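4 protein chains.
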Amino acid sequence: MERTSTKRLPIFEAAVAVFSEKGFAKATMEEIARRAGIAKGTLYYNYRSKKELFLSLIEEGIERLEAAVKREIARRRDTSSKLEALIGAQLSFFEEYRDYCKLLLSEVWGLGSRWEKQLERLRSGYIGIIKDLLQRGQAEGIIRQDLEVNTAAMGVFGAVAVAALNAFLFERQYHYESLLQTLKNLLFLGLNEREG
Amino acid sequence: MERTSTKRLPIFEAAVAVFSEKGFAKATMEEIARRAGIAKGTLYYNYRSKKELFLSLIEEGIERLEAAVKREIARRRDTSSKLEALIGAQLSFFEEYRDYCKLLLSEVWGLGSRWEKQLERLRSGYIGIIKDLLQRGQAEGIIRQDLEVNTAAMGVFGAVAVAALNAFLFERQYHYESLLQTLKNLLFLGLNEREG
Amino acid sequence: MERTSTKRLPIFEAAVAVFSEKGFAKATMEEIARRAGIAKGTLYYNYRSKKELFLSLIEEGIERLEAAVKREIARRRDTSSKLEALIGAQLSFFEEYRDYCKLLLSEVWGLGSRWEKQLERLRSGYIGIIKDLLQRGQAEGIIRQDLEVNTAAMGVFGAVAVAALNAFLFERQYHYESLLQTLKNLLFLGLNEREG
Amino acid sequence: MERTSTKRLPIFEAAVAVFSEKGFAKATMEEIARRAGIAKGTLYYNYRSKKELFLSLIEEGIERLEAAVKREIARRRDTSSKLEALIGAQLSFFEEYRDYCKLLLSEVWGLGSRWEKQLERLRSGYIGIIKDLLQRGQAEGIIRQDLEVNTAAMGVFGAVAVAALNAFLFERQYHYESLLQTLKNLLFLGLNEREG
DNA sequence: GATGAATGAGTCTTCATTCAT
DNA sequence: GATGAATGAAGACTCATTCAT
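Residue numbers (UniProt numbering), protein chains in the order written: chain W, 1 to 196; chain D, 1 to 196; chain Y, 1 to 196; chain X, 1 to 196.
Laid out in structure tokens, this is it:
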């Protein structure tokens with residue numbers, strides 16, 4: 001039940017910025033309001049509480065990630081290309097929304113029990129897409145049969161997420177193409193050099 | 001300069017439990033003291049502040065992880081076995097200290113700028129070990145040359161960490177062997193079924 | 001200067017309901033507006049402030065009580081019947097407007113200094129009627145001379161009010177006739193069994 | 001489970017003063033602390049919340065009233081004297097603790113549903129004492145049989161309470177003896193002049 | 001060494017009131 | 001006349017930290 005739409009966008013952006021800089025607990029409604037250029041009361045006019053504001057951010061972000069990835073996948077025919085596109089889409093999403101993604105990993109991923117609903121949303125949403133592709137790939141014989149898909153899906157997500165955040169947040173400079181290529185090589189071909 | 005008190009072990013355990021359940025900001029010194037069976041003042045007698053207590057936990061944890069992994073690595077001769085052992089050691093460490101590892105990912109990893117020193121410690125410490133092994137492997141020709149080692153090291157760490165936490169924290173039951181095998185297969189051999 | 005709006009009646013009823021459920025301080029203009037089926041701004045179009053709305057309620061209520069009692073009194077000839085009628089009228093008013101009367105006792109009576117004007121209104125209004133009747137009765141020799149009229153008038157009001165509210169608000173079921181009879185017996189004849 | 005006793009007395013007195021001046025909702029913890037000469041945090045160290053502080057006040061007050069009245073009653077032999085003593089004791093309690101009694105009537109009596117437990121405490125406690133005496137009196141034939149005891153007990157309480165508060169809080173000067181005598185005459189003998 | 005009562009700065013949240021439409 | 005989005009002052013409550021015993 002969205003209220004005014006005029007105010008919600010600036011609030012959204014300010015909130016993502018503050019939450020990702022300070023973390024959920026250290027972020028203050030005061031600062032979010034100030035950065036959004038509105039009064040504190042207006043924040044509460046639009047969102048019932050700090051928690052609701054936070055959760056709506058997470059929800060919205062997960063939806064955007066899903067949408068972005070689905071769009072890219074839909075463009076490819078074969079499962080292999082789809083998986084490749086998925087990795088590319090996740091990486092590019094993490095690059096564009098690095099602040100939001102930091103939030104995603106630190107608050108939602110790290111904690112868990114307190115945000116069960118949102119976690120489940122992520123798992124059945126984005127992780128579910130990876131899992132489906134892996135299963136289809138196994139059926140088609142192009143993905144190794146000896147992979148348990150849940151674990152493998154989490155592994156793929158984790159590898160991209162951690163490598164991406166490390167590069168985008170903590171490296172002064174990074175080479176996007178090299179990052180993407182290394183992740184694809186690692187995940188599709190593995191660490192091992194193929195012998196002869 | 002550690003104080004010599006015999007109180008530090010129970011404090012350590014209580015602190016890990018509370019911090020990982022509540023997160024840094026929501027954890028209270030009151031509760032840590034209560035769970036450790038001591039008075040709040042005693043906490044401050046042993047640690048200057050909440051932050052110092054927290055950081056000493058993280059420090060200690062990273063050291064344990066490094067030590068555990070190094071021990072396993074030292075037992076193997078060839079680089080390949082060492083890498084395999086490293087993944088096993090990380091997984092087993094995450095299983096044993098799941099609470100601590102949740103902390104590690106949510107507070108230290110997710111945030112960053114605020115704990116730079118600790119992050120750097122993790123990166124140059126544990127991630128550094130992975131990186132060194134990968135480099136040695138490339139020199140020996142058993143690791144793919146087309147992998148940028150920093151990215152690959154982060155990818156390996158992230159894949160294991162995320163898959164492990166998901167299994168240990170959120171799955172009612174998990175099959176440790178299958179988890180380990182899938183991660184090894186994924187990381188060493190890649191997703192692709194080898195043709196021919 | 002009452003505004004002419006047709007909105008004032010629904011507002012009145014909603015306001016009495018909300019104020020008596022929550023008390024003055026916990027009642028919100030928001031809820032009063034919602035229950036009256038109007039917008040918050042409209043409330044302020046009709047009443048300058050929360051306090052004014054509240055006071056106009058109290059004023060109105062005291063006037064209704066006075067009017068009801070005066071009407072009943074006017075019907076009787078002798079002072080004794082008038083006093084009897086007064087008690088009956090107060091009891092029946094408290095039964096019909098129990099919410100309003102709860103308000104009256106809790107906010108106006110209990111506090112005092114803050115609403116001096118309204119209190120004075122009540123005292124010189126309704127209590128004044130009782131006092132006048134008692135004085136007339138004393139002059140006529142049908143009311144005990146050893147009663148100080150101010151105190152007695154307050155005592156009569158208090159006995160009826162407290163017994164009435166207790167019955168109407170907190171007893172699941174009550175017997176109106178028995179209530180009335182007991183109050184009349186208590187107040188006119190006293191507790192003591194007459195000897196001889 | 002009382003905490004420190006050193007701090008609780010000044011808090012008690014400051015709280016009664018502030019609550020009775022402002023009412024529950026308008027009273028602030030800040031002001032109570034200031035008047036008690038302690039920091040706000042200390043208030044919360046001794047009482048979990050504003051509500052708990054308030055309720056403990058009410059509880060304590062009801063107990064004191066009960067104790068005072070029981071003490072006086074115990075000194076008399078016959079039921080009639082006991083009832084007389086009860087009225088005297090209530091009046092003198094209301095004179096001494098006028099602030100507290102204002103609180104009692106405005107917050108607890110007036111509201112009700114929100115403080116059910118405390119109300120019940122009062123009803124079964126103090127009102128119960130009156131009721132018991134009336135019943136015993138009826139059995140002994142010295143109290144009118146045509147009085148329903150619940151109603152009569154409430155009436156007695158209400159008459160004394162309302163007359164007392166009016167005198168002690170709002171009259172510049174009052175004559176205690178006259179007040180007491182009028183109430184006793186009113187309640188024991190009734191309004192009616194005895195004919196013949 | 002150990003304790004826990006006391007502190008007060010810092011936050012979330014509520015709500016009467018205003019005003020542009 | 002009517003609306004409801006926006007405001008900001010005010011207040012309950014938390015908790016890291018201190019210090020006298």
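Ideal placement from N, C-alpha and C gives every residue a C-beta, glycine not left out.
As the structure is a prediction and not an experimental result, all values here were calculated from the model.
Could you tell me how far apart the beta carbons of residue i and residue j are, in whole angstroms, since I believe they sit closer than 8 Å?
i, j, result
"W/Gln118", "W/Glu60", "W/Gln118 to W/Glu60, Cβ: 11 Å. No contact."
"X/Thr79", "X/Ile129", "Incorrect: roughly 12 Å between the Cβ atoms, too far for contact."
"Y/Leu183", "Y/Ala153", "Not quite, the Cβ-Cβ distance comes to about 15 Å (not below 8 Å), so this is no contact."
"W/Leu186", "W/Ala159", "7 Å"
"W/Ala68", "W/Phe94", "The pair is not a contact, with the Cβ atoms about 11 Å apart (cut-off 8 Å)."
"W/Lys99", "W/Ala17", "In the sequence as displayed, the identity of residue 99 of chain W is Asp instead of Lys. About 6 Å; that satisfies the 8 Å criterion."
"residue 199 of chain D", "W/Phe188", "Here chain D has residues from 1 to 196 only, and residue 199 of chain D is not among them."
"D/Leu65", "D/Phe19", "In fact, because the Cβ distance is near 17 Å, the residues do not count as touching under 8 Å."
Output the distance between the C-alpha atoms of residue i and residue j, rounded to the nearest integer angstrom.
i, j, result
"Y/Arg121", "X/Ala25", "24 Å"
"X/Leu43", "D/Leu133", "60 Å"
"D/Glu2", "D/Glu63", "Unreliable positioning characterises D/Glu2 in this predicted model, as indicated by a pLDDT of 47, which lies under 50. The coordinate reading is nonetheless provided below. Rounded to whole angstroms, D/Glu2 to D/Glu63 spans 16 Å at the Cα level."
"W/Glu148", "D/Glu193", "14 Å"
"W/Ala74", "W/Tyr176", "23 Å"
"X/Ser178", "Y/Thr151", "9 Å"
"W/Tyr126", "D/Lys131", "29 Å"
"X/Ser106", "Y/Glu107", "6 Å"
"Y/Leu103", "D/Leu165", "58 Å"
"W/Glu13", "W/Gln173", "25 Å"
"W/Tyr47", "W/Leu53", "6 Å"
"D/Trp10", "D/Gly23", "Here residue 10 of chain D turns out to be Pro, not Trp, going by the sequence shown. Cα-Cα distance, rounded: 19 Å."
"D/Leu91", "W/Tyr97", "30 Å"
"D/Gly37", "X/Lys40", "28 Å"
"W/Arg76", "W/Glu84", "10 Å"
"X/Gln181", "Y/Val156", "15 Å"
"D/Ile32", "X/Ala33", "29 Å"
"X/Ser81", "Y/Asp146", "20 Å"
"W/Glu171", "D/Ser124", "13 Å"
"Y/Arg71", "X/Gly88", "37 Å"
"Y/Glu21", "Y/Leu86", "28 Å"
"D/Glu30", "D/Arg144", "52 Å"
"X/Asn138", "Y/Gln135", "With the sequence shown as reference, residue 138 of chain X is identified as Gln, and Asn is not the correct amino acid for it. Rounded to whole angstroms, X/Gln138 to Y/Gln135 spans 32 Å at the Cα level."
"X/Tyr45", "Y/Tyr45", "45 Å"
"W/Leu55", "W/Cys101", "14 Å"
"Y/Leu169", "Y/Ala27", "19 Å"
"Y/Ala15", "X/Lys50", "27 Å"
"Y/Arg35", "Y/Glu140", "51 Å"
State the beta-bridge partners of residue i as determined by DSSP.
i, result
"W/Asn192", "D/Ile143"
If you reduce the DSSP assignment to three classes, tell me which class residue i lands in.
i, result
"X/Gln173", "coil"
"W/Asn185", "helix"
"D/Tyr47", "coil"
"D/Ile58", "helix"
"W/Ala39", "coil"
"Y/Ala15", "helix"
"D/Ala161", "helix"
"W/Ala27", "coil"
Every unbroken alpha helix (DSSP H) within the stretch 67-154 of chain X, with a cutoff of 4 residues, ordered by chain:
Under the rule that a run must span 4 or more residues, the alpha helix (DSSP H) segments found entirely inside the stretch 67-154 of chain X read 79-96, 98-103, 116-122, 128-140.
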